Each structure stands twice: as C-alpha cells, then as structure tokens.
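Residues 1 to 375 in the working numbering are what the sequence shown spells out, letter by letter. Glycine is no exception: its CB is placed at the ideal position from the N, C-alpha and C atoms. All of these numbers come straight from a predicted model, not from anything done at the bench. For reference, the structure discussed in these notes is given below.
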Amino acid sequence: LGRHAQRVRPHAVEALAALDPAVRAALEETIARARAVAAADRRESVVTEFAQGGSVTTRWLPVERVGLYVPGGLAVYPSTVVMNAVPAQEAGVGSIALASPPRADGLPHPTVLATAELLGIDEVWAIGGAQAIGAFAYGFSDGEELDPVDLITGPGNAFVAAAKSIVRTQVGIDAVAGPTEIIVLADDTADPEYVAADLISQAEHDPNAAAVLVTASADLAERVREALARQVPQQRHAERIAAALSGAQSALILVDDLDAGIAVLNAYAGEHVELQVERPEAVVDRIVNGGSVFVGPHSPVALGDYCSGSNHVLPTMGTAAFASALGVQSFLRGSQVIAYSQEALAAVADHIVALAEAEDLPAHGGAVALRGEER
C-alpha cells in the first residue's frame, strides 16, 4: 500500500481547528439535517403474532464494521463524508473506518480530515483508489493494522468501481456508481436561467456527467441553449462543463406533451430528476424511477448535494429503476426470529408435511411430524 497507508487522526484534529468557520457552520447544518432524515428513516423491529403462540420477529441489526471511501480527484468532497457517515452512525454501526487519497504531503485533504473529526470518526486512513477498497475488504498489518470491514460505501473513479466489483463476493458494497446524471422536465413556465444553471451544476462534476433537458416547448429549449451559452464561459470549470454538455451522454429532448416527457423520465431512471413545470406537485407521484426528485424552481439538485437533508449517494446508469439512495437502511440487516409453541407448530404441521412431500423433501416433514408423536 505504500508509505502513505497510515492512520492520520492527529492531523484531523489540527485540520478541524484550522477549518474556515463558515465551512464549519455549513457542515454542521448539513450534518444536522442529514441526521434528522436518517433518524426518521430507521426501521424498528416488528413482531407478527399468530394464534396459539407463534411469532416472527424481524430485527434490524446494524452492520458491525463499515469502510467509507472518500475520493480525491477533480474536487474535494467533505459532503461525501457526511452522506456516508451519518446514516451509518444513525443505524448504530459500531466501527467506522474512512479512507481518502493522500496529497503531496501524505495526508488526505484537510477539509475531509476536519469533517471526519467533526463527525467523531477516529479511524482515518491516507489510502486512495483501488488500494483502499482492497484494504477495506481484506485488511492489512504493516506497522499499523486495518481490520477488514463488512460493508464498503462511497464513490470513486473507474478503478475504485472495478475494485468494488471484485471484492463484492468478500464484503458488501453500496453500488458500482457511474458518472453523475441530471434530467430536467421543464415547460414554458420554467426559468431558462435556472434550468441552465442546474444542468451546469452537475456537468461540473465530470466530463462524462450526463445533463438532459426534456421539454415540449421548442421556445424554452432555445432559451435554455442561449442561457447555457452565456453561463458556461463564466464558470471556473468551463472546459469540463462544456465537455460534459457536448458529450453523447447529454441531450435536449423535445417531446409532444407532458405525458411523453414523464414517460422519458421514467424510462431514463436518472440519478437526479428535476420538475420545473407549472404544477410539479401534480407530476411528482407519476415519477416512479428516479434516485432523488427535486420539485419546483426552488429545489435545485445542488440543494440535495449539500443541505436538504436527503442523501446525495444515489443510483446511476438506470439503476434507479430498482435501487435506492444510500440511507440508514443501507447499514442495517434484517434478521428473522421465529418462536413457535408446541400448539402453534401442531396447527400447521399437516401443511408442512404436505408441502414437503410435494417438493420430495420428506425429511422436512418428518422433522415436524416427529414433534407431534408421543414418545
């Protein structure tokens, strides 16, 4: 793993002390909102009782140890620390390790370190890329010891994604995520400057990011084009944004009407879905495939990226059709506890024997029938 594979807690304490007060205040608000949503989402144990003393209890137990990966690359991601750590903490995970790539000084970015300290994560490692995923999955002992984890979460580049795919038979993973996506459904009532700004905000992530506008209004489409032409050159990362917007993954889709637009959104199953239409509240329930749905002109995707309380670790590449956002449930395991009395078992014994015979598994039925015999 190299000389930078080290625990860096003392440096995290220093980084928090040096953190810009405005950034600290923003992180504290983001943490508070994320914690409120995660706490409300946590499932409790459920007991189902049957006659004569039978019961099934579904227990929700936290994963024991989790590895959180926070990438480096094109940006700094303290918000990713929050989005991964807070639901794990609210789930009751007892052991959390965080890894992030070292910079030239051998340490992860100080804002990442400060955020980890703010969250009370004391096991922070300067390890990046696929190496970090391997370390989480298998552990290592080389002067310092990193114990293997049970679950790995957090985004990364193609090498990180490939590593997660490889180790998923050894440990759990959240997902193999692709580049970020935004799809906006807009009509003539939408502000083209807002629409353009929101497309740009996600294109800023990566030249491979997907930014898609769906509208039945040719006039709005043209006004959004004009707004993009004005706004993109003004951006700090204009070259990256322009590459994303001009890529094959991005598009402006003209449809016949609102219904056709909704069909496009559901077929696309995007990571981020925005509804900038006249009555978004009447449309939102019809959007059945989307990682997060942002309703109305004052709910931009950037709100969800940071401070809405929702989680920004979302399914990509169409997987929102069957997958969910990272949340407290991602860090919980359901375990069923079955407790039947003699009378409750006797009440279903004949059914068990009949089904066991139908499946040619007579020993199953025999194990139940034996308990009804006088001995």
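The three-state reading of DSSP puts residue 152 in strand, counting E and B together. Judged by their CB atoms, residue 146 and residue 139 are nearer to each other than the 9 Å cut-off.
Residue 274 has 184 and 294 as its beta-bridge partners, per DSSP. Spatial neighbours of residue 178 in its own chain (CB-CB distance under 6 Å, excluding positions within 5 residues in sequence) are listed in chain order as 316 and 317.
In the displayed model, residue 336 falls within a strand according to three-state DSSP. When rounded, the separation of the alpha-carbon atoms in residue 367 and residue 58 is 24 Å.
Taking C-alpha positions only, residue 39 is separated from residue 87 by approximately 8 Å.
The Cβ-Cβ distance between residue 91 and residue 68 does not fall below 9 Å. Ranked by Cα distance from residue 176, the options 193, 188, 154 and 182 are led by 154.
The alpha-carbon of residue 327 is positioned some 31 Å away from that of residue 106. Taken through DSSP and simplified to helix, strand or coil, residue 373 comes out as coil. The beta carbon of residue 193 sits closer than 8 Å to the beta carbons of 227 and 231 from its chain, once the five residues preceding and following it are set aside; these are given in chain order.
Annotation for residue 62: the continuous beta strand (DSSP E) segment containing it runs 54–62. Comparing alpha carbon positions, the residue from 98, 189 and 81 closest to residue 28 is 81.
Scanning the stretch 83–145 for uninterrupted beta strand (DSSP E) segments of 3 residues or longer gives 95–100, 123–126 and 140–142, listed from N- to C-terminal end.
In this structure residue 186 is buried. Its beta-carbon is surrounded by 16 or more other beta-carbon atoms within 10 angstroms. For residue 44, no beta strand (DSSP E) segment is defined, and its DSSP state is neither H nor E.
For residue 177, there is no enclosing alpha helix (DSSP H), as DSSP gives it neither H nor E.
Rounded to the nearest angstrom, the gap between the Cα atoms of residue 167 and residue 70 is 18 Å. For the pair of segments examined, the stretch 354–366 was found not to touch the stretch 324–343: the number of CB pairs separated by less than 8 Å stays below three. Restricting attention to 338, 206, 12 and 330, the CA atom closest to the CA of residue 43 is found in 330.
In this model, residue 278 and residue 164 are separated by some 42 Å (Cα to Cα).
With 16 or more other Cβ atoms from the protein chains shown falling within 10 Å of its own Cβ, residue 174 counts as buried.
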